[in-house]
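In what follows, a structure is listed as structure tokens, so that the remarks can point back to it.
Protein chains: 4
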Amino acid sequence: MPDKSPANKTPDATRRSERSRRAILDAALELVGEVGFTKLTIEAIAARAGVGKQTIYRWWPSKAAVLFEACVPEGVDPAAIELPDTGDLEADLKTVLRATVDELTSERLEAATRALTAETQNDAELGRALTAKVLEPQLQAYVRRLRAAQRTGQVAADIDLRIALELLVGPLFHRWQTRTLPLTHAYADTVVELTLRGLAPR
Amino acid sequence: MPDKSPANKTPDATRRSERSRRAILDAALELVGEVGFTKLTIEAIAARAGVGKQTIYRWWPSKAAVLFEACVPEGVDPAAIELPDTGDLEADLKTVLRATVDELTSERLEAATRALTAETQNDAELGRALTAKVLEPQLQAYVRRLRAAQRTGQVAADIDLRIALELLVGPLFHRWQTRTLPLTHAYADTVVELTLRGLAPR
Amino acid sequence: MPDKSPANKTPDATRRSERSRRAILDAALELVGEVGFTKLTIEAIAARAGVGKQTIYRWWPSKAAVLFEACVPEGVDPAAIELPDTGDLEADLKTVLRATVDELTSERLEAATRALTAETQNDAELGRALTAKVLEPQLQAYVRRLRAAQRTGQVAADIDLRIALELLVGPLFHRWQTRTLPLTHAYADTVVELTLRGLAPR
Amino acid sequence: MPDKSPANKTPDATRRSERSRRAILDAALELVGEVGFTKLTIEAIAARAGVGKQTIYRWWPSKAAVLFEACVPEGVDPAAIELPDTGDLEADLKTVLRATVDELTSERLEAATRALTAETQNDAELGRALTAKVLEPQLQAYVRRLRAAQRTGQVAADIDLRIALELLVGPLFHRWQTRTLPLTHAYADTVVELTLRGLAPR
DNA sequence: CCCTAATCGAGACGGTACGTCACGTCTTGTT
DNA sequence: AACAAGACGTGACGTACCGTCTCGATTAGGG
């Protein structure tokens with residue numbers, strides 16, 4: 006989430022204090038869990054982290070950007086994401102979607118994740134960044150796995166895989182966001198089963 | 006001189022100025038489109054509407070609530086919502102999902118809808134209200150239509166209709182929220198077709 | 006010290022809280038005595054006065070302006086200032102200059118007075134205001150008293166009275182500012198005596 | 006490896022960069038003329054001088070101290086200051102006071118001089134330094150010149166010379182500070198003439 | 001003449017205060 | 001009584017400087 010304004014006096018990253026960076030990210034995660042995103046404050050993050058406000062403003066453009074980095078540990082190579090391929094598509098997808106369910110309901114990150122998801126609706130710039138760095142690499146991994154399944158005849162050849170993947174993850178996100186019913190492994194399993202029936206060759 | 010208690014709670018709704026109410030809702034909708042939800046302020050709404058701030062605080066608890074009422078015109082009876090039933094499930098669902106696509110991409114309400122959707126993640130109270138008054142009645146209509154389809158044998162009898170409905174609307178919301186690919190009628194059609202294959206009796 | 010900028014959303018003075026106004030002026034006077042002008046802070050004044058910062062910024066353009074009003078109680082009519090005239094010029098001037106000495110060494114106002122005097126060197130706008138509202142009316146009173154003395158023959162007719170008055174007050178202010186030697190009634194008396202010898206007709 | 010004590014106090018003056026010292030003093034003088042003392046900033050001085058902030062903090066305790074050195078070129082021996090003595094007291098004093106007028110209205114130093122004068126009111130330490138190094142030596146020179154005049158009978162023997170000198174310089178500084186009327190050679194002359202009448206033996 | 005310890009330019013850091021904005025409450029006439 | 005208007009106490013905003021603190025890169029002086 007770097008320089009949107011060209012008038013940036015870009016600071017010298019080599020002199021950056023790793024100590025402060027970590028303290029800020031940790032404080033942000035803690036606080037968003039305690040008070041929620043709306044009441045999350047740059048001043049509070051700075052105070053909790055024992056850091057000057059300017060040290061936050063120097064390296065991040067907004068509290069959303071801080072949270073973003075706190076959730077996405079930067080070091081991960083997006084292209085390296087790969088779905089398991091045991092040959093059994095249904096089993097593999099259940100594995101993956103169950104893991105997604107676990108992530109979405111993880112206590113430590115849930116508040117931050119919800120906050121970021123929400124903020125993408127208000128802040129298009131953030132939305133693009135999150136899509137490019139996090140979402141899209143994962144979706145591409147789905148596409149690759151489904152393409153392999155097409156080759157083995159588990160998925161009909163004429164299916165648009167981009168849509169296929171949305172049939173799988175869309176329902177999960179919908180239930181997570183609306184909080185209408187609990188998000189469980191059983192739910193993930195059922196979604197996989199019903200969807201795969203629709204994708205199968207006839 | 007009885008009851009000079011300061012517990013001035015509920016104002017007298019009969020004396021309410023409809024003129025002001027409309028001006029506030031209109032101003033809120035305009036402004037959220039211009040500056041986005043985060044930069045939307047009660048003071049700006051009041052100024053644009055030519056209204057005192059107190060008149061807003063008297064009748065709504067938050068800017069989200071104002072927007073909520075601006076989007077959901079109140080008068081609609083939630084129980085009255087009904088999906089079309091021509092006997093052809095696929096055609097009926099396409100009709101409905103195409104309409105949903107149109108709504109979600111409508112210029113006038115899009116900003117407000119996204120703002121409200123986002124805010125439900127941060128404000129659980131608002132989330133409950135929106136679910137109860139808007140979302141759930143629509144979902145129930147889906148359930149009723151799908152149950153009818155079960156009776157006519159278009160949907161397998163052992164399907165959890167609650168999940169079935171999420172297979173239909175989940176993908177739409179996912180694409181709308183992530184803005185990864187355009188949300189079109191063709192997309193809605195494909196989602197219906199593929200999903201119904203999965204729901205069909207075997 | 007009102008509106009220097011024409012873009013002023015001039016607030017409604019009739020709604021002004023006299024309570025806050027007094028608390029601010031008192032707090033400013035106290036604080037300038039405790040920490041000095043340089044370390045005097047709008048935030049500290051607001052905190053001490055139990056007032057929001059905006060309430061200060063709404064009515065005064067700077068901390069100097071606050072101090073100014075705190076020292077010059079507004080209600081005094083500048084044109085009404087008059088020096089005593091008993092007929093004895095020397096005695097009258099001694100009375101006045103002794104009073105000036107007392108004022109300059111008064112504990113309560115000294116810090117504020119020094120601060121304001123200093124600030125006039127840095128802030129020309131403030132300097133003009135202070136000269137016009139406080140200094141000049143007093144100097145005019147001197148000129149009137151000296152003119153009367155000219156008519157009674159106690160001061161030579163060809164003397165520039167503006168200069169005459171500066172011969173009287175200049176030394177006092179010099180000693181006050183430089184703090185080289187104590188500022189006493191005796192000093193005031195001697196200044197009057199020596200100066201009047203120079204002003205006398207020959 | 007002895008004495009790794011962090012008590013790094015006095016830096017080594019022999020290694021000091023004269024180049025930087027001059028650049029700092031020049032930058033300070035320029036800037037105080039452009040933005041005034043209040044808005045004068047150590048950071049701005051450093052930037053203008055092309056110097057690190059620490060180089061200023063190493064050698065001066067405050068921005069006032071920098072200006073002080075910029076105005077008072079250090080090398081002058083205070084005890085060596087002597088007023089002219091042609092035997093004609095009036096002529097000599099006019100020469101000196103005219104020179105003072107020129108100094109006070111000099112374009113290059115006026116802003117700095119006013120700033121320093123003002124700051125002595127807020128910063129007692131600075132006031133003492135300025136009095137001891139600059140003001141007092143000059144006043145002593147006046148006292149010596151006036152004592153000589155007493156011996157030649159141009160000034161009455163019973164006059165307190167300390168007060169006499171203040172009668173001369175006080176009015177000048179008063180007019181300079183208050184900016185009420187222009188500070189001219191003619192004014193200096195008149196002050197000398199009127200004051201000397203008062204000091205003359207009777 | 002080189003070595004080494006200092007000063008030097010640069011600027012990140014934890015802080016404090018700035019002046020502004022919006023909050024939600026309260027008060028003052030007006031309708 | 002609700003209304004338009006807006007002053008109020010509160011608190012966060014994002015910025016500007018403070019004075020301290022590393023960092024290499026000169027840069028002079030004593031060996």
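Protein chains in written order, with the numbering used here: chain A, 6 to 207; chain B, 6 to 207; chain C, 6 to 207; chain D, 6 to 207. Think of the CB as a built atom: it goes at the ideal place given N, C-alpha and C, for glycine as much as any other residue. Note that this is a predicted model, so its numbers are computed, not measured.
In chain C, which residues lie less than 8 Å from residue i when you measure between Cβ atoms?
i: Asp-165(D); result: Thr-195
Nearest chain C C-beta to residue i closer than 9 Å, yes or no?
i: Arg-63(D); result: no
i: Arg-208(D); result: Here chain D has residues from 6 to 207 only, and residue 208(D) is not among them.
For residue i, which residues in chain D fall below 8 Å Cβ to Cβ?
i: Phe-178(C); result: Gly-175, Phe-178, His-179 and Gln-182
i: Thr-60(C); result: What Thr-60(C) touches in chain D: nothing, since even the nearest Cβ is about 23 Å away.
At 7 Å on the CB atoms, spell out the chain C contacts of residue i, in chain order.
i: Gly-203(D); result: Leu-199, Thr-200, Arg-202 and Gly-203
i: Gly-132(D); result: Arg-184
Examine chain A for any beta-carbon lying closer than 9 Å to the beta-carbon of residue i, and answer yes or no.
i: Glu-35(B); result: no
At a CB-CB cut-off below 7 Å, which residues of chain A make contact with residue i?
i: Leu-171(B); result: Residue 171(B) is actually Glu in this sequence, not Leu. Ordered by position in chain A, the residues that pass the 7 Å Cβ test against Glu-171(B) are Pro-176, His-179 and Arg-180.
List the residues of chain A that residue i touches, going by C-beta distances under 8 Å, in chain order.
i: Ile-168(B); result: Pro-176, Tyr-192, Thr-195, Val-196 and Leu-199
Considering only residues of the same chain and omitting the five flanking positions on each side of residue i, which have a CB-CB separation below 7 Å?
i: Leu-166(B); result: Val-148, Leu-151 and Arg-152
i: Asp-128(D); result: Ala-69
i: Arg-133(D); result: none
i: Thr-125(B); result: Leu-131, Gly-132 and Leu-135
i: Glu-48(B); result: Lys-58
i: Asp-8(B); result: Unreliable placement is indicated for Asp-8(B), whose pLDDT of 41 sits below 50; the coordinate value is still reported in the next sentence. Answer for Asp-8(B): no residue qualifies.
i: Leu-204(A); result: Val-160, Ala-161, Ile-164 and Ala-169
i: Pro-83(C); result: Lys-138 and Pro-142
i: Ala-117(A); result: Leu-34, Val-37, Leu-72, Ala-75 and Cys-76
Taking CB distances under 9 Å as the criterion, tell me whether residue i reaches chain D.
i: Thr-136(C); result: yes
i: Gln-126(C); result: yes
Using the beta-carbon of each residue, which ones in chain B are nearer than 7 Å to residue i?
i: Arg-119(A); result: Gln-126
Chain D partners of residue i, CB-CB under 7 Å?
i: Thr-157(C); result: Residues of chain D passing the Cβ test: none, with the nearest at roughly 19 Å.
Could you list which residues in chain D have their beta carbon closer than 9 Å to that of residue i, in chain order?
i: Thr-122(C); result: Ala-123, Gln-126 and Gln-182
Can you check whether the C-beta of residue i is within less than 9 Å of a C-beta belonging to chain B?
i: Arg-113(A); result: no
i: Lys-9(A); result: With a pLDDT of 38 at Lys-9(A), under the threshold of 50, the modelled position of that residue is not reliable, and the figure given next carries that caveat. By this cut-off, Lys-9(A) is not an interface position.
Within a Cβ cutoff of 8 Å, which residues of the same chain sit near residue i, ignoring the five residues on either side of it in sequence?
i: Thr-91(B); result: Asp-97
i: Ala-17(D); result: What sits at residue 17(D) in the sequence shown is Asp, not Ala. Once the five neighbours on either side are set aside, Asp-17(D) has no close Cβ partner at all.
i: Arg-21(C); result: Trp-64
Between which residues of its own chain and residue i is the CB-CB distance below 6 Å, once the five residues before and five after are set aside?
i: Ser-25(D); result: Val-56 and Thr-60
i: Ala-54(C); result: Ala-28, Ile-29 and Ala-32
i: Val-101(C); result: Leu-88
i: Pro-206(C); result: Ala-161
i: Leu-172(B); result: Thr-200
(Q) For a minimum of 4 consecutive residues, which ranges assigned as the alpha helix (DSSP H) are wholly contained in the stretch 10-81 of chain B? (A) Runs of the alpha helix (DSSP H) inside the stretch 10-81 of chain B: 23-40, 47-54, 58-64 and 68-76.
| field | Residues of the stretch 38-54 of chain D with Cβ closer than 8 Å to any Cβ of chain C, in chain order | value | Answer in chain order: Gly-41, Phe-42 and Thr-43.
Legend entry - Cβ-based contacts, 8 Å cut-off: residues of the stretch 138-152 of chain A near chain B: For the stretch 138-152 of chain A, the residues whose beta carbon sits under 8 Å from a beta carbon of chain B are, in order, Leu-140, Glu-141 and Leu-144.
Residues within the stretch 83-109 of chain D neighbouring chain C, beta-carbon criterion of under 7 Å:
Those residues of the stretch 83-109 of chain D that come within reach of chain C (Cβ to Cβ, closer than 7 Å) do not exist; the list is empty.
Which complete alpha helix (DSSP H) runs does the stretch 100-157 of chain C hold, if anything under 4 residues is left out? The qualifying runs are 112-127, 129-135 and 141-156.
Check your understanding: Which runs of the alpha helix (DSSP H), 4 residues or longer, sit entirely within the stretch 158-202 of chain D?
Key -> Fully enclosed alpha helix (DSSP H) runs of 4 or longer: 166-183.
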